[in-house]
Amino acid sequence: MTFTSLEFLFFFCLVFLVYWNLPDALKKYFLILSSALFYAFSSWKFLFHLILVVSINWVFLRFFLAKKWFLPVSIGFNVLNLAFFKYFYFFADLVGIFLGIPDFQNKVSLDGILSKSLDWAGFEVILPLTISYYTFQFISLLVDKKKGTITEEIGFFKLASYIFLFPVMIAGPILRFNDVAAQFDSPKMEKEDMVDGLWLVVIGLFKKSVVSVLMSGSIFQVFAETSAFSGAALLSTVYFFAIYLYLDFSGLTDIARGMGKLLGFTLPQNFRAPFFFDGFGDFWRRWHLTFSFWIRDYLYIPLGGSRSGTLRTCFNYLVAFGLGGLWHGANLNYLLWGVLTGLYLSIERVLNDWKIKILPEIPYVKRTITYLFVLNIYSISWVLFFTPDFGSAVAAVQRIFLWSNGVAFPNMEPCIFALLVAILFHSAEEWPEKFKVGLKWKTVLLPVVWILVLLALPSGNADFFYGQF
């Protein structure tokens, strides 16, 4: 059940009506129940698994917080839970390569071997919904509680409320406990909150279900057969794929934040005009904010951050973003993408710390060249996201740099339209005060915009690209 499905519309309307007619003391429990039902639509078996994971984490917090081994054991449990489901076949493949066992490198063959060995017909390791996100939330909670950043006692239902919040269950934003803890006790929604929530939802639908769907027909043709398309078509694809990712993921976040508003919650912003950056580091201060801040606070800083000199800082970047890349999926492409991101940040750090000047300090010239360089490097790096393996990614990049002949980019018009839409939303994110509209006009325009967006929605339900992570 996706956010853009008719089933979810009925589900949310029912939850909304019942939720706001309950006393505050019961709202939290009803929201847990509703979120559990939402999760069960994906798999009721994994619902029991998630309840078990929540229970084990609560036991750690309730009985073992003072123990010296609390953090390594509790974090280790959550990492192993994620590793089993997300990286089982990845590790099996590595073992197969190391030991020379071809059957371990083939998912179908390995499933057959394990089905026979375990006497379990149809054995397969399936990725539970939102496991990557709730694992991050558990780890941040455990660390913050141990450090004393979280001072309140965390009961079982408070912990369950933090994890079972269906607006963020598909793909974030990644919550911190202190972001939402107080809001569970007495959620409030004024008229302006309701209007803002409905605006966020309709903007998210427009980004994801109208604009990104329009452009997906073009870029996914190129994804399907990168070797057939020209270097110019592939370069156009990496640019438009960057826009597609922004619209897809920020649209999802807008819908989640809008539903949060409608349920009385203020959820963290996840994007802030990411392509209005002025360097590699600035891009990550704007893109997928809850993820990049999590990497900073729970990987980069514990590794030493920037406290031990430039070279150690570079090492910390490589490790933190390498693990962040692998978080996206059990694929060497993602690991390489993460390491490359760490490398770009390291080079930028070296140039700044050692005061190495490459470009002349000419007004606008340095910034323009830097922007184009960073844009191209990041965009081409995302080839690793839409190619099935490293060899295919290298071949695609070679075709770009050799400016190879081939099929032209298909149907540019919807992608140009998407670019203009992305610039508009970037401007609103960068200069919100200039795009501020009074409550009266927001209320008057809201039904008109909703009707237009609903009329523009295509048939069927398009998956969120970032939902796979």
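Our numbering applies: residue 1217 is where the sequence shown begins, and numbers increase by one.
The C-beta atom is built at its ideal place from N, Cα and C for all residues, glycine as well.
In the displayed model, phenylalanine 1276 falls within a helix according to three-state DSSP.
Boundaries of the alpha helix (DSSP H) harbouring asparagine 1568: 1548-1569, taken from the DSSP string.
Ranked by how close their Cα comes to the Cα of cysteine 1631, the residues Ser1356, Val1454 and Glu1408 have Val1454 in first place. For glycine 1476, the uninterrupted alpha helix (DSSP H) run begins and ends at 1447-1478, by DSSP. DSSP places histidine 1642 inside the alpha helix (DSSP H), whose first and last residues are 1629-1646. Taking 9 Å as the cut-off, the Cβ atoms of proline 1389 and histidine 1265 do not count as close. In the assembly as shown, arginine 1615 is a buried residue. Its beta-carbon has 16 or more other beta-carbons within 10 Å.
By the Cβ-count criterion, arginine 1392 is buried, with 16 or more other Cβ atoms from all chains shown falling within 10 Å of its own Cβ.
Nearest to arginine 1565 by alpha-carbon distance, out of Phe1496, Leu1416, Ser1325 and Ser1425, is Phe1496.
For valine 1623, the three-state secondary structure derived from DSSP is strand. In the DSSP assignment, arginine 1488 falls outside any alpha helix (DSSP H) and carries neither an H nor an E. Distances from the CA of asparagine 1627 to each of Met1431, Leu1326 and Phe1219 were compared; the closest alpha carbon is that of Met1431. Nearest Cα to leucine 1233 within the set Ser1443, Phe1306 and Gly1480: Gly1480.
In this structure proline 1518 is exposed. Its beta-carbon is surrounded by fewer than 16 other beta-carbon atoms within 10 angstroms. Within the model, the alpha-carbon separation for leucine 1242 versus alanine 1252 is close to 16 Å.
About 40 Å separates the beta carbon of lysine 1362 from that of leucine 1414, a gap too long to meet the 8 Å contact definition. Taking 8 Å as the upper bound for CB-CB distance, valine 1396 and tyrosine 1378 are in contact here, some 7 Å apart. A Cβ-Cβ contact shorter than 9 Å links tyrosine 1303 with alanine 1546. By the C-beta density criterion, alanine 1489 is buried, having at least 16 other C-beta atoms within 10 angstroms. Taking C-alpha positions only, glycine 1371 is separated from arginine 1278 by approximately 8 Å. For leucine 1539, the closest of Val1664, Cys1530, Leu1551 and Thr1529 by C-alpha to C-alpha distance is Leu1551.
Between serine 1446 and tryptophan 1619, the C-beta spacing is below 9 Å. DSSP, read as helix, strand or coil, puts aspartate 1605 in coil. In the structure shown, glycine 1538 falls within a helical segment according to DSSP collapsed to helix, strand and coil. Counting other Cβ atoms within 10 Å of its Cβ, threonine 1346 reaches 16 or more and is therefore classed as buried. Separation of the CB atoms of valine 1438 and leucine 1450 is rounded to 7 Å, and the pair is thereby assigned contact status at 8 Å. In the DSSP assignment, threonine 1506 falls within the alpha helix (DSSP H) that extends over 1505-1511. Closest option to valine 1231, judged by alpha-carbon separation, among Ile1248, Ser1221 and Arg1502: Ile1248.
Nearest Cα to lysine 1261 within the set Ala1624, Ile1342 and Phe1651: Ile1342. For serine 1221, the closest of Leu1662, Leu1636, Lys1424 and Leu1591 by C-alpha to C-alpha distance is Lys1424. Annotated three-state conformation of alanine 1440 is helix, per DSSP. If you draw a straight line from the Cα of phenylalanine 1320 to the Cα of glutamate 1340, it is about 13 Å long.
Around the beta carbon of isoleucine 1419, 16 or more other beta carbons sit within 10 angstroms, so the residue counts as buried.
As the crow flies, the alpha-carbon of phenylalanine 1373 is around 33 Å from that of phenylalanine 1537.
In the three-state scheme derived from DSSP, where H, G and I count as helix and E and B as strand, threonine 1367 is classed as coil. Phenylalanine 1354 is positioned such that its CB atom lies closer than 9 Å to that of valine 1269.
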